[in-house]
Structures are given as C-alpha cells and as structure tokens.
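This report concerns only the one structure given below.
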Amino acid sequence: RIRNPLRVVVLPWGQVASLRSRYSNEVVTASGAEFALWAIPVSLRARKKAARQTAAAERGASRGGRRGGDQGLGLGLGTPGRGAAADGPVRAETDKVMDELRELLERYEDRASRSDAPSVGEVSVRWAYEVIGPAVAGAVLLVILLAVR
31 RIRNPLRVVV LPWGQVASLR SRYSNEVVTA SGAEFALWAI PVSLRARKKA ARQTAAAERG
91 ASRGGRRGGD QGLGLGLGTP GRGAAADGPV RAETDKVMDE LRELLERYED RASRSDAPSV
151 GEVSVRWAYE VIGPAVAGAV LLVILLAVR
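Residue numbering for the sequence shown follows the working numbering, starting at 31 and increasing by one per position.
As structure tokens, then:
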C-alpha cells in the first residue's frame, strides 16, 4: 500500500516490476505505471554525506589508521560511518530502506517462481478523500474569512 497525500495505491507484489531511486523513489508496475513513494523521500544531502564518509574511511584505511587522537581504539565519538571500510560503504537511510524493499521483492519473486500460483490482485488507485475533504473545506473557509474581512 502506497499512501501519498492525494492518492492511495494498493499494489500487490506480483504487479511490481522494479523499484528505483533517482531524485525520488518510485515503484514501476508490470504495465509500466509509475508511483512515487512520498513516505520515503530522497535526500541528496544524505547521499553526499554518506559518500564523503565512505571516502574518508577508505582514505583512513589506506593510511593504516585513523587521524585524530583515538589511535584506532574505535572511539569514533559521534561520527557515524567510521568503520565504513570494514563494513562496506556508508549508505543514506532512504537508500537502505529501498534496499530492504528490493530484498522483499526478490523474496516474493523467489516464492512465486517456486509455486505455480499467478500473481494475485490488481493495482487499485483511489483518491484520499479523508485528506482532500478537510483541505477543500479549509480552503473554502479561508476564502470566506478573507472575503468578509
């Protein structure tokens, strides 16, 4: 289920063709429709920060230690991603979430390939009237208040 501000999309795993991350995170269906995941926003700043932390950890590992006063004791006071060279590259939080969603998609595809069951369900898109109604009512009330004034 994808809950965006104006729409609610129910999308069974069998209908998902791919998940992609560019300037926004998106789900692409088998029919080619694309749906943005507003709940998982992309932060280019977080991606750049993660890339800097990975590069710094790789530079530190290639020098044979870390700069600073901890002499390799792992004290990394308040600096996440210090062990990035050993643990792999540092990733932005939303990229980690998308990786988890891709793993879920792969698990579903593995289960579907082992059984002969077809993908169940169709894509359904509906307007989020529970959000649109109060927003329209508030806009009408604002217009009335401004007109009376």
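We put the beta carbon where it would ideally sit given N, CA and C, even for glycine.
Exposure label - residue i; buried when at least 16 CB within 10 Å
i: S51; result: buried
i: R121; result: buried
i: A167; result: exposed
i: L172; result: exposed
i: A80; result: buried
i: A69; result: exposed
i: A87; result: buried
i: V46; result: buried
i: V178; result: exposed
i: V170; result: exposed
i: L67; result: buried
i: G104; result: Residue confidence for G104 is low, a pLDDT of 44 falling below 50, so the modelled location carries little weight; the figure read from the coordinates is stated next. When all chains shown are included, G104 counts as exposed.
Where the alpha helix (DSSP H) through residue i begins and ends
i: R52; result: R52 -> no alpha helix (DSSP H), and no H or E assigned at all.
i: E88; result: L74 to R93
i: V39; result: Taken as a continuous stretch (DSSP letters only), V39 belongs to no alpha helix (DSSP H), being part of the beta strand (DSSP E) at R37 to V40.
i: V120; result: No alpha helix (DSSP H) contains V120, which DSSP labels as neither H nor E.
Assumed close pair residue i, residue j - CB separation to whole angstroms, cut-off 8 Å
i: R156; j: R37; result: 7 Å
i: V127; j: L41; result: Not quite, the Cβ-Cβ distance comes to about 17 Å (not below 8 Å), so this is no contact.
i: L49; j: L176; result: Not a contact, Cβ separation roughly 44 Å.
i: T124; j: V72; result: 6 Å
i: A142; j: G44; result: 7 Å
i: T216; j: P119; result: Nothing can be reported for residue 216, as the shown portion of the chain is limited to 31 through 179.
Start and end residues, beta strand (DSSP E) containing residue i
i: V153; result: Premise fails: V153 is in no beta strand (DSSP E) and is neither H nor E.
i: A69; result: Run containing A69: none; DSSP gives neither H nor E here.
DSSP beta-bridge partners of residue i
i: V166; result: Beta-bridge pairing links V166 to no other residue.
i: V161; result: V161 is not bridged to any residue.
i: T59; result: V46
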